[in-house]
Amino acid sequence: MVSKSNSSRRQPIVGENPAWTDPSCPVARTLDLVGDRWSLLIVRDAMDGARAFTDFQQRTGIARNILADRLRRLVDRGVLDRRTAESGKRQVYSLTAAGRDLFTVVVALRQWGERHAFSPGEDHSVLVDEAGRPIPPLRPVAASGAPVGVETTSVRKI
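Pasting the structure below:
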């Protein structure tokens, strides 16, 4: 748990505190929080403007009971915010700061899929910038700006 006196660090997203796959690994913990197919598709659609239950259901084709469960979990885990619409008739969802922080993750998954999940020449969607140009491939870099990869990085516990 992050100390409240340390304002430079964020509070962790824990929700209902699931049993962590590997409590010291950020990848495992993140997958425990948002790693199932439907959760990431809901986050993707929220990034693309979905707000209401019916928006998410129409875009994903997810069963109503599963959608309700995933929306509840994403709200509980601090990824989505839920409020009553101005009409007072339905709930609307929006990304929290933590949810918006998943943008890079969603882009990385999309770009991996563009390279590895389609046959050559097979039609698929492409993420573009405001000028309509495809987003360049994401590439991790060292503090120096030099490219890094599997061969040049290691994990340390802090």
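Numbered by the working numbering, the letters in the sequence shown go through residues 31 to 188 in order. Ideal Cβ positions, reconstructed from N, Cα and C, are used throughout, including at glycine. Since we're looking at a predicted model, the values are computed, not measured.
Beyond the five residues adjoining it in sequence on each side, F148 comes within less than 7 angstroms, by CB distance, of H154 in the same chain, given in chain order. For L97, the enclosing alpha helix (DSSP H) stretches over residues 94-106.
A distance below 8 angstroms between beta-carbons, with the five flanking residues on each side excluded, links T114 to the following residues of its chain, in chain order: R120, Q121, V122.
Each residue's CA atom was taken as its position, placing A127 and G108 some 9 angstroms apart. Annotated as distal: V137 and L110, with beta-carbon spacing of 9 angstroms or more. Taking a C-beta distance under 9 angstroms as the contact criterion, A98 and R89 do not qualify as a contact pair.
Across the structure, F83 and L101 are spaced so that their CA atoms are roughly 9 angstroms apart. For L125, the uninterrupted beta strand (DSSP E) run begins and ends at 121-125, by DSSP. DSSP places T90 inside the alpha helix (DSSP H), whose first and last residues are 83-90. In the three-state reduction of the DSSP assignment, D66 falls in the coil class.
In the structure shown, the three-state DSSP call for V57 is helix.
Listed in chain order, the alpha helix (DSSP H) runs fully inside the segment 127-161 are 127-130, 133-146, counting runs of at least 4 residues. Taken through DSSP and simplified to helix, strand or coil, T114 comes out as strand. DSSP, read as helix, strand or coil, puts V180 in helix. Residue burial annotation: A173 is exposed, with fewer than 16 other C-beta atoms found within 10 angstroms of its C-beta. Between V180 and P170 a beta carbon distance of about 10 angstroms is seen, past the 8 angstroms cut, so the two are scored as non-contacting.
Looking at the DSSP output, V171 sits in a beta bridge with P177.
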